[in-house]
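In my numbering, the protein residues as written are 1134 to 1524.
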């Protein structure tokens, strides 16, 4: 059976060039980057070259790039250190954030007594920036705003430049989880004044187990993993040299092919919207994912008009890998917080959400196979005549 992969929001396949670069590094550059001899210094040079590469992409200084194990670690470090070391007493966020952000915020609320304010999104998953400004002006407490750039389940994009400007005008720090968008679009942090951002390499055809945090040097953030002086003393521990090299190669490929990759994925998304709408009666697209503007091209969140908790398994048996939500929420007995925010109670009771996510490797024949499989599965269900309102 030919297998079809449509879960690129969970992770992406490694590019062959990335594998080759990592294997070469493991063979030839095994030295500890903290060692002063030539083996160590050769490994150190590789790390610093990638650091400069990332910094150039973001238009920041190399000292503001800290390599971590993933976006989750980066987000934990930023949020918790902002409270521990920068005196943050209040955090403004939304219920749409990734669990590593929402759980870190709740941890700081529980252990440190941090005040937490949430901006509830509308039924499309949009964040009201007027409400953000209102909250920023409502208190003199030192505040961290944590709002992701693009949602990993419904694809909605926020205006991080406008949010950063609002935060600066009100003396607040701004953290953006950019895991979904990093390496997929252009960034200029010399102009968009976010204070902190995060990245995971496996979201753009790099290896798992490596990412980075952007930490604007003026903030004075300190690390939460202590030990050695690695990563400007912000992240102790021997660096993952091969992983960092893999991140750099994946980033290079994405930057060099950004326009072509984006055009292909955008074409695939448009085709998927058209094909699924034609083949699956009463299908709905959640959030802004069914629009070609204001959402990332790689995510399409759909709602099937019947309840089928086994659909992910059924599709997998047909050779199609897909997600029923965030990979970090898989196996949960209830819908994710994101789905609870954008779906009505009737929709949650009587419908089935699916997240389809694309890469530059996705083909139209992949979408045809998915549409045919969903049509076949749907034929086994009697669509309940409910009062579900497709908002």
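Using N, Cα and C, we set each Cβ at its ideal position, and we do this for glycine too.
It should be emphasised that the depicted structure is a prediction, and the values quoted were computed from it without experimental measurement.
task: Using beta-carbon positions only, say whether residue 1299 and residue 1258 come within less than 8 Å of one another.
output: Locating residue 1299 in the chain shown gives position 166, counting from the first residue. Locating residue 1258 in the chain shown gives position 125, counting from the first residue. Against a cut-off of 8 Å, the Cβ pair of residue 1258 and residue 1299 comes out as no contact.
task: Kindly indicate if chain D contains any beta-carbon less than 8 Å away from that of residue 1476.
output: Among the chains of the structure shown, chain D does not appear; only one protein chain is present.
query: What first and last residue would you give for the beta strand (DSSP E) that runs through residue 1485?
result: As a first step, residue 1485 must be located in the chain shown, where it is residue number 352. Unbroken beta strand (DSSP E) run through residue 1485: 1485-1490.
field: Nearest residue (CA-CA) to residue 1486, options 1345, 1496, 1427, 1420
entry: As a working note, residue 1486 is residue 353 in the chain shown. Minimum Cα distance to residue 1486 is reached at 1420.
message: Using 8 Å for Cβ pairs, my map puts residue 1431 next to residue 1141. What's the rounded Cβ distance?
response: Your numbering for residue 1431 matches position 298 in the chain shown. Your numbering for residue 1141 matches position 8 in the chain shown. At roughly 6 Å, the Cβ-Cβ gap stays under 8 Å, so residue 1431 and residue 1141 are in contact.
- request: Specify the secondary structure class of residue 1439 as computed by DSSP and reduced to three states.
  value: Counting from 1 along the chain shown, the entry for residue 1439 is found at position 306. Residue 1439 sits in coil when the DSSP states are folded into three classes, being neither helix nor strand.
query: Bridge partners of residue 1344, per DSSP?
result: Within the chain shown, residue 1344 is the residue found at index 211, counting from 1. DSSP lists 1201, 1333 as partners of residue 1344.
task: Would you mind stating whether residue 1380 and residue 1221 have Cβ atoms separated by less than 8 Å?
output: Looking up residue 1380 in the chain shown gives position 247. Looking up residue 1221 in the chain shown gives position 88. No, these two residues do not count as a Cβ contact at 8 Å.
task: Please report the residue range of the beta strand (DSSP E) in which residue 1276 lies.
output: As a first step, residue 1276 must be located in the chain shown, where it is residue number 143. Boundaries of the beta strand (DSSP E) harbouring residue 1276: 1276-1279, taken from the DSSP string.
- prompt: In terms of residues, what are the limits of the beta strand (DSSP E) holding residue 1309?
  reply: Locating residue 1309 in the chain shown gives position 176, counting from the first residue. That run of the beta strand (DSSP E) goes 1306-1309.
message: Which residue wins for smallest C-alpha separation from residue 1150, given the options 1469, 1340, 1188, 1369?
response: By 1-based counting over the chain shown, the position of residue 1150 is 17. Comparing Cα-Cα distances from residue 1150 to each of 1469, 1340, 1188, 1369, the minimum goes to 1340.
query: Is residue 1320 helix, strand or coil when you go by DSSP?
result: Working through the chain shown from its first residue, we reach residue 1320 at position 187. Residue 1320 falls in the coil class under three-state DSSP.
task: Mark residue 1261 as exposed unless 16 or more other C-beta atoms lie within 10 angstroms of its C-beta, in which case mark it buried.
output: Position 128 of the chain shown holds residue 1261. Burial check for residue 1261: the Cβ neighbour count within 10 Å stays below 16, so the residue is exposed.
- request: Give every residue of the same chain whose Cβ lies closer than 6 Å to the Cβ of residue 1195, excluding the five residues on either side of it in the sequence, and list them in chain order.
  value: Within the chain shown, residue 1195 is the residue found at index 62, counting from 1. Excluding sequence neighbours, residue 1195 sits near 1184, 1185, 1188.
query: For the candidate residues 1206, 1164, 1219, whose alpha-carbon lies nearest to that of residue 1349?
result: As a first step, residue 1349 is located in the chain shown; it is residue number 216 there, counting from the start. Ranking 1206, 1164, 1219 by Cα distance to residue 1349 puts 1219 first.
- request: Could you tell me whether the segment 1301-1308 touches the segment 1317-1324, where touching means 3 or more Cβ pairs closer than 8 Å?
  value: No, because fewer than three Cβ pairs between the segment 1301-1308 and the segment 1317-1324 fall closer than 8 Å, the two stretches do not touch.
message: Using CA atoms only, rank isn't needed, just tell me which of 1482, 1192, 1452 is closest to residue 1321.
response: One-based indexing of the chain shown puts residue 1321 at position 188. Residue 1192 is the option with its Cα nearest to residue 1321.
message: Quick check on the DSSP output: the alpha helix (DSSP H) that includes residue 1081 runs from which residue to which?
response: Any property of residue 1081 remains undetermined from this structure, which presents the chain solely from 1134 to 1524.
task: State buried or exposed for residue 1278, treating a residue as buried only when at least 16 other CB atoms are found within 10 Å of its CB.
output: Along the chain shown, one-based indexing puts residue 1278 at 145. So residue 1278 ends up on the buried side.
query: Closest to residue 1403 by CA distance: which of 1495, 1505, 1270 is it?
result: As a working note, residue 1403 is residue 270 in the chain shown. Residue 1495 is the option with its Cα nearest to residue 1403.
message: Quick check on the DSSP output: the beta strand (DSSP E) that includes residue 1223 runs from which residue to which?
response: Start at 1 with the first residue of the chain shown, and residue 1223 comes out as number 90. Looking at the DSSP string, the run of the beta strand (DSSP E) that includes residue 1223 is 1223-1226.
- prompt: What are the partner residues of residue 1432, as DSSP defines its beta bridges?
  reply: Position 299 of the chain shown, counted from the first residue, corresponds to residue 1432. DSSP links residue 1432 through a beta bridge to 1490.
- request: Evaluate the contact criterion for the segment 1353-1364 versus the segment 1267-1283: three or more CB pairs, one atom per stretch, below 8 Å.
  value: With a cut-off of 8 Å, the segment 1267-1283 and the segment 1353-1364 do not count as touching, because too few Cβ pairs lie within range.
query: Do residue 1436 and residue 1422 have their C-beta atoms closer together than 8 Å?
result: Translated into the one-based positions of the chain shown, residue 1436 becomes position 303. Translated into the one-based positions of the chain shown, residue 1422 becomes position 289. Between residue 1436 and residue 1422, the CB-CB gap reaches or exceeds 8 Å.
field: From 1412, 1334, 1390, residue whose alpha carbon lies closest to that of residue 1378
entry: As a position in the chain shown, residue 1378 is number 245, starting the count at 1. Comparing Cα-Cα distances from residue 1378 to each of 1412, 1334, 1390, the minimum goes to 1334.
message: Does residue 1417 come out as helix, strand or coil in the three-state DSSP assignment?
response: Stepping through the chain shown from its first residue, residue 1417 is reached at position 284. When secondary structure is reduced to three states using DSSP, residue 1417 falls in the strand class.
Close Cβ partners of residue 1507 (< 6 Å) along its chain, the five nearest in sequence each way excluded: Sequence index remark: in the chain shown, residue 1507 carries index 374 (1-based). Excluding sequence positions up to five before and after residue 1507, its CB lies within less than 6 Å of the CB of 1413, all in the same chain and listed in chain order.
- prompt: Quick one: what's got a C-beta closer than 8 Å to residue 1237's C-beta in the same chain, skipping five residues either side?
  reply: As a first step, residue 1237 must be located in the chain shown, where it is residue number 104. Correct list, in chain order: 1208, 1209, 1212, 1213.
- request: Using the DSSP secondary-structure output, state which residues sit across from residue 1454 in a beta bridge.
  value: Residue numbering aside, residue 1454 sits at position 321 when the chain shown is read from its first letter. BP columns for residue 1454 point to 1138.
- request: Go ahead and label residue 1464 buried or exposed: buried means 16 or more other beta carbons lie within 10 angstroms of its beta carbon, across all protein chains shown.
  value: Numbered from its first residue, the chain shown carries residue 1464 at position 331. Residue placement at residue 1464 cannot be trusted, given a pLDDT of 49 that sits under 50; the coordinates are not used to answer.
- prompt: Who are the Cβ neighbours of residue 1498 in its own chain at under 7 Å, not counting the five residues just before and after it?
  reply: One-based indexing of the chain shown puts residue 1498 at position 365. Counting only Cβ-Cβ distances below 7 Å, and skipping sequence neighbours, we find nothing.
- prompt: Short check: CB of residue 1252 to CB of residue 1242, under 8 Å?
  reply: Residue 1252 sits at position 119 when you count from the first residue of the chain shown. Residue 1242 sits at position 109 when you count from the first residue of the chain shown. No, the pair does not count as a contact, with Cβ atoms beyond the cut-off.
Length of the line joining the Cα atoms of residue 1410 and residue 1446: Residue mapping note: residue 1410 aligns to position 277 of the chain shown, counting from 1. Residue mapping note: residue 1446 aligns to position 313 of the chain shown, counting from 1. The straight-line gap from Cα to Cα measures roughly 22 Å.
- request: Below 8 Å on the Cβ atoms is my guess for residue 1325 versus residue 1297; work out the distance and round it to an integer in Å.
  value: Position 192 of the chain shown holds residue 1325. Position 164 of the chain shown holds residue 1297. About 6 Å separates the CB atoms of residue 1325 and residue 1297; that is less than 8 Å, so the two are in contact.
- prompt: Can you list, in chain order, the residues of its chain whose CB lies under 7 Å from that of residue 1347, leaving out five sequence neighbours each side?
  reply: Taking the chain shown and counting its residues from 1, the one referred to as residue 1347 is at position 214. If we look at residue 1347 and ignore the five residues flanking it on each side, its Cβ neighbours are 1191, 1193, 1197, 1198, 1322, 1329, 1330.
field: Alpha-carbon to alpha-carbon, residue 1338 and residue 1144
entry: As a first step, residue 1144 must be located in the chain shown, where it is residue number 11. As a first step, residue 1338 must be located in the chain shown, where it is residue number 205. Their Cα atoms are separated by approximately 8 Å.
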